[in-house]
Structures are given as structure tokens and as C-alpha cells.
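So in full-length UniProt numbering, spot 74 of the sequence shown is number 74, and the numbers just go up one at a time.
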Amino acid sequence: MIGGNNRLDGNGNAARTEMNSHGVLVGVDHDFSGWQLGLLGGGGRSDIKQAGGRAARSKIDNTHLGVYAGHNWGAFGLRGGLGFSRHKIDSTREVAFPGITNTLSARYDAKTRQAFIEAAYRFGGREAGLEPYLQLARVDVDVDSVNERGGVPALHGQVGDTGTTLATAGLRFDKGLKASFQQDSWLHVRGGVGHRRASGDRNQIAQLAFDGGNTFAVNGAPIADGAVVAELGLSACLTANQQLELGYSGQFGDDSRDHAANLRWSVRF
């Protein structure tokens, strides 16, 4: 289970935006000659609203599919993955000025493609360790054409596709906890902190027009070009083959705050 809250501050052109998300992912992985290969899929819902009296909201139904792989050569580890998401978007906004009051709506689709690769080196043993890492990720978003309906102020046009590269450097830690009479740790605490840089398309640009009017550009609020990322979690061994994990991750930029939580139950066969 996953859930999150994202806030992107506005600027002189775009209002502050807040998104709440939740969903479920199910996955399976297997060890092939030292390589861990896995497949996951799931779905969820995102609710977006704009502040500042804009009365604009969007509801997004998300479907996710991904593959991942990893291998360790002693203390050095290499991991990577590919992901694809399909989004079905229902948006509404209210327009009110002298002579015109309308509630406008639109339905359209979007797709997200993601890829990442990460290299890490572990210092320590099974019960405690430190792991510096470098991660490079690419996120591409394609949006279908937008056609509002509901009145004269309805807009029509195209939201520009975006491609963003994210580079992260950081340090993770983990520590096993056990009572004095226990041989192995049944509870592990983990965490980490890093710095993330974003390059490429940091905001979306839409080319829109009223019926019969000229096209004009609408710029969305940009994501932060630099942000601190943090994570913290607990994992408990319920049985020899079952594990329960609770985790938090956050991203903190100058004009944005992202918070996410996850609960994972895994069974080894």
C-alpha cells in the first residue's frame, strides 16, 4: 500500500497545487544466479486541487506496471528498473465573471514512462551498515489533447510532453535491533538522506485556445531544480518467511514538499 501528499507552491503565473494519492502495488521477484528479477503492478487514485480561489480540481485513476533487477558483487550493488503508468484524468474548474458563470470539465489520458539505475557500496555487515549511493532516473510524461466542455470559456489544446532527468547522491543506513537473549535481529530500522538535482523539462507548458480564438501558452509551476530527499523505515520479521515493512520518504525543495508512506508485506516461498 502506498500513499502520499505533494505540494507545489505557485508563482506569478500558476497557483499553488496540492495532490493526495493512494494505491496498491503487488509484486513478485526471484533470484536467478545472483540476480534478483521482479515484476510489479497495481493501481491507485490521485486528487489534485489548486489554491487561491481557483476552484479547479482533477481526479486521476492510475494504473502501474514495472520491472526491476539487482545484483551484488561483494559490497558493490547495482540496481535498475523500468516503469509505465497510464492515467485517466477528469478535471473541473469554475469560471465566474460578470455575465458568465460556468462549470467546465474535461476528460483526457496521460502516460508516464520511468527508468532508473543505481550504484551503491555497502560498509558493514548484516546487522548494521552504511551505504553511499548514486542514482540516475528519467521520467517522461505524455498528455493527450484537452477539450473542455460546459460553456463559452471552455479551452481546447495540447499540454506539452515533458522529459525530466533526476540525479541523486546520498547515504543510507540500517541497524538491526534485538533483545539480549536473541541470536538474530527481528526488527530493523533504516533511513537515509540525499540531494537530488532535476534537469530538462521542470514545468509543463500548455498551448490552449478558446473556440475560434488565437492560441496562447499557459505555464505550470516548475518543480524544484534541487531538493533534499529523506527516508525512514522499520521492518519486522513476523516469521521465518514473512516480513512487514513501514516506510516514509520525503522530498524538500524551495517551493515544494512531497511526503509519501508505504506499508509492505512480503512472503518468501
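Glycine included, each C-beta is placed from N, C-alpha and C at the ideal position.
These numbers were taken from a predicted model, which means no experiment stands behind them.
Backbone secondary structure at Asn241 - three-state DSSP: coil
Beta-bridge pairing of Glu231 - partner residues as DSSP gives them: Gly192, Ser249
Nearest-angstrom Cα separation, counted from Thr103 out to Arg113: 32 Å
Beta-carbon proximity check, Ala227 vs Leu8, cutoff 8 Å: no
Under the three-state DSSP convention, the category Lys88 falls into: strand
Cβ-Cβ separation, Gly233 to Gly191 (assumed contact under 8 Å), whole Å: 7 Å
Tyr121 versus Glu231 - alpha carbon distance: 18 Å
At least three beta-carbon pairs within less than 8 Å, the stretch 184 to 204 to the stretch 149 to 158: no
Euclidean distance between Cα positions of Asn20 and Gly27: 23 Å
Residues that DSSP places opposite Glu127 in a beta bridge: Glu127 pairs with nothing; no bridge assigned.
Endpoints, the beta strand (DSSP E) within which Ser145 is located: 145 to 147
Contacting residues, own chain, Cβ-Cβ under 8 Å from Leu130 (five flanking each side not counted): Arg122, Phe123, Gly124, Leu171, Arg172, Phe173
Assumed close pair Gly80, Tyr68 - CB separation to whole angstroms, cut-off 8 Å: 7 Å
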